Each structure stands twice: as C-alpha cells, then as structure tokens.
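**Student:**
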Amino acid sequence: MSALCRLVRGGLQFGGWSCRFLPEVRALSSASPVNLSYDVFDGKNDGTPLVFLHGLFGSKSNFHSIAKSLVQRTGRKVLTVDARNHGTSPHSPELTYESMSADLKLLLSQLRIERCVLIGHSMGGKTAMVTALTQPSLVERLVVVDISPCQSSIFTNFRYYIQALQDVKISSDIPRSTARRMAEDQLRNWVKEHSVRQFLLTNLIEQNGHYAWRVNLDAISAHLETLLGFPYFDSAYEGPTLFLGGANSAYISSEEYPEIQRLFPFADIQYIPDASHWIHADKPLDFISSIISFLQSE
C-alpha cells in the first residue's frame, strides 16, 4: 500500500480526508442476475466491442449519440446497457455493485462477448471497476468516467433528488407535455439546476394514462449508501485503464490517486476542461476523442 495513505477504521485516510469502503468482496451476490435491456450499434470491423454503462438515474439512451459517433469513427460494435432498476431493465429490490456486475456478466455471456472495452460513468463506472476487478479476462480495457473507487457521498445531492421525485404528484389523463411541465415545476423546489431537472425528467413515463418514474426509487433509496461507497478489494486490475474526469467536477480528486493506483496500477488519469460530472453531455467531442486516443494507445 502506498506510503501516502494508511488504514484508519476500515478506510484509507489521506491527510484530513478519509475514503470509506464497503466490506471486502469475496464472492458475487447470491441473488439471481436479471436480464438487462440494451441497444446495439453494429460496426463493420471485428474489433473488441465497446460497452457503455450509465450513472444513477440514467439510461442506455444517455450514450446513444456517443455510440453512433464511435461506430462511425472506429468501426467497432457499441452496446449501451440499462442497469437494473433503470431504463427498461427489470426492477429488483437488490441494488449493489456485485449484483449489477453479475447482471453485466450474464448479458455478455448471452451475447457471446468474451472480451470488451468497458466504459462506465459514475455508478456505471463503479460497476465497471467491480467487473474488471472480479473478472479481468472479460475487460480488455477500462474507462471510468468521473468517479473513483472511493466513497462519493460528500459530493452528491442524490438523497434530495430521490425525495424530490418521490414527492412529485401528477394528474392522470393529461398530455405528456403538461405532465412534464407539472413535474418540473415541483422539482424546481428541490433541484435548482435546470440541466439536472431535465436529466431527472427523462425518467418520466406514461402507463395506462398514469404517470410514473421508470427508475425504482424504493431500491435506490434503500441502497443509496451502498451505491455511494465502493467494495474493498485486495486484488488489482492490470489492464489499460483511463480515469476521465471533468475539470469542473470534484468526483476524482488528487487525494484518491493512491487508491486508484493501488487497484489500477496501469491507470492514466485525465481531465476534460470546462466539463462537469456529465462529461459526455458537456463536451461530447472531447469525450469521444479521449476514448479514441485511449483505444489507440499502447
């Protein structure tokens, strides 16, 4: 372990900042994996496919434009995947990184994908890291987007977002555009940033004349501390790894570098200027260029 950090009450401490972990992962979750929803963007060559994993409250559609561009520029097949309890994937009361990694492994097995380039944003980045650490033979290269293998709750407002979504009340049998405006008006009291409100509103769906959130808010709320943490590992992933942060985001800080280097000894850490936590939305061209450069690197 790096001389820059030491074990303190089950976590790593860097100066006055501590990094907490969940209990060490020794086996995958005993719960059965679910069949994930996904979209495929076929390429013309037989290069290792790229697999995108979205963040909390996101969906596979977050990466559709990115995926199309990468198919055009690399010729590779690209998959975008909905995590359990998100998008059109099944709901489950369990929501851990072990269970989400097991879901992903099942999907790759079903699609007969033996190796992939795994690209995960935020929550999806943690799922990607767990997958690389527990089954490195599946992951040819790893891209972790604006997240680290450490506790991230000090930076987040996710508890407020959950409460805001749970408190929204929408009338039945009204046009979708009216329902969306009604939902945004109510979210405004909790969520000040317009871009975040718009992101959360992508989860509003109509079912038989009634409006609901497609994310499983009960499961997210019950497992939020788990999602904001990261399991402890003794093993390392020794494949090529890129940690790609937003220069205006605090999710990858220098205090976390020693833990990143411990778990991912061949990691490169880069930042995209003028980008927030949602790098792919803020700076899509820079995001795509960074991934392509990484794919072409030795």
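The numbering of the sequence shown is my numbering, which starts it at 765 and goes up by one.
Backbone N, C-alpha and C define an ideal beta-carbon position, used for all residues, glycine too.
None of these values were measured; they are calculated from a predicted model.
1. Label Val804 either buried or exposed according to how many other C-beta atoms from any shown protein chain fall within 10 Å of its C-beta, with 16 as the threshold for buried.
2. Please determine, among Gln962, Gly888, Ser916, the residue with the shortest C-alpha to C-alpha distance to Glu1109.
3. Does DSSP put Asp1032 in a helix, a strand or coil?
4. Are the region 831-842 and the region 808-817 touching by the rule of at least three beta carbon pairs closer than 8 Å?
5. How far does the alpha helix (DSSP H) with Gly888 in it extend, from its first residue to its last?
6. Taking the C-alpha atoms as reference points, what is the distance between Pro854 and Leu800?
7. Answer with buried or exposed for His958, where buried requires no fewer than 16 other C-beta atoms within 10 angstroms of its C-beta.
8. Quick one, are the C-beta atoms of His850 and Val979 less than 7 Å apart?
9. With Glu1062 as the anchor, note down where its beta strand (DSSP E) starts and where it stops.
10. I'd like the list of long-range same chain contacts for Ala791, defined as Cβ closer than 6 Å, with 5 residues on each side in sequence excluded.
11. Just the C-alpha distance for Phe1028 and Asn826, rounded to the nearest angstrom, thanks.
12. Classify Tyr924 as buried or exposed, calling it buried when 16 or more other Cβ atoms lie within 10 Å of its own Cβ.
13. Helix, strand or coil for Val979? Go by DSSP, reduced to three states.
14. With DSSP run on the structure shown, which of helix, strand or coil describes Pro995?
15. Write down the C-beta distance between Asp910 and Gly993 rounded to the nearest angstrom, noting that I regard them as a contact closer than 8 Å.
16. Taking just the CA atoms, how far does Tyr861 sit from Phe963?
17. Under three-state DSSP, which class holds Gln950?
18. How far does the alpha helix (DSSP H) with Leu929 in it reach, from first residue to last?
19. To the nearest angstrom, how far is the alpha carbon of Asp968 from that of Gln836?
20. So if DSSP puts Glu970 in a beta bridge, which residue, or which two residues, is it bridged to?
21. May I have the straight-line CA-CA distance separating Ile1055 from Ile1043, to the nearest angstrom?
22. Excluding the five sequence neighbours on either side, which residues of its own chain have a C-beta within less than 7 Å of the C-beta of Glu970, listed in chain order?
23. Hey, out of Lys832, Leu817, Leu875, Ile830, whose CA is closest to Ala847's CA?
24. Does the beta-carbon of Leu1049 have 16 or more other beta-carbons within 10 angstroms, so that it is buried, or is it exposed?
**Tutor:** Taking the structure as given:
1. exposed
2. Absent from the structure is residue 1109, since the part of the chain shown begins at 765 and ends at 1062.
3. strand
4. yes
5. 887-898
6. 7 Å
7. exposed
8. yes
9. No beta strand (DSSP E) contains Glu1062, which DSSP labels as neither H nor E.
10. Per-residue confidence for Ala791 stands at a pLDDT of 36, beneath the threshold of 50, marking its modelled position as unreliable; no derived number is given.
11. 26 Å
12. exposed
13. coil
14. strand
15. At roughly 17 Å, the Cβ-Cβ gap does not stay under 8 Å, so Asp910 and Gly993 are not in contact.
16. 22 Å
17. helix
18. 922-931
19. Just to set this straight, residue 968 is Leu in the shown sequence, not Asp. If you take the alpha carbons of Leu968 and Gln836, they lie about 31 Å apart.
20. Tyr975
21. 12 Å
22. Arg940
23. Leu817
24. exposed
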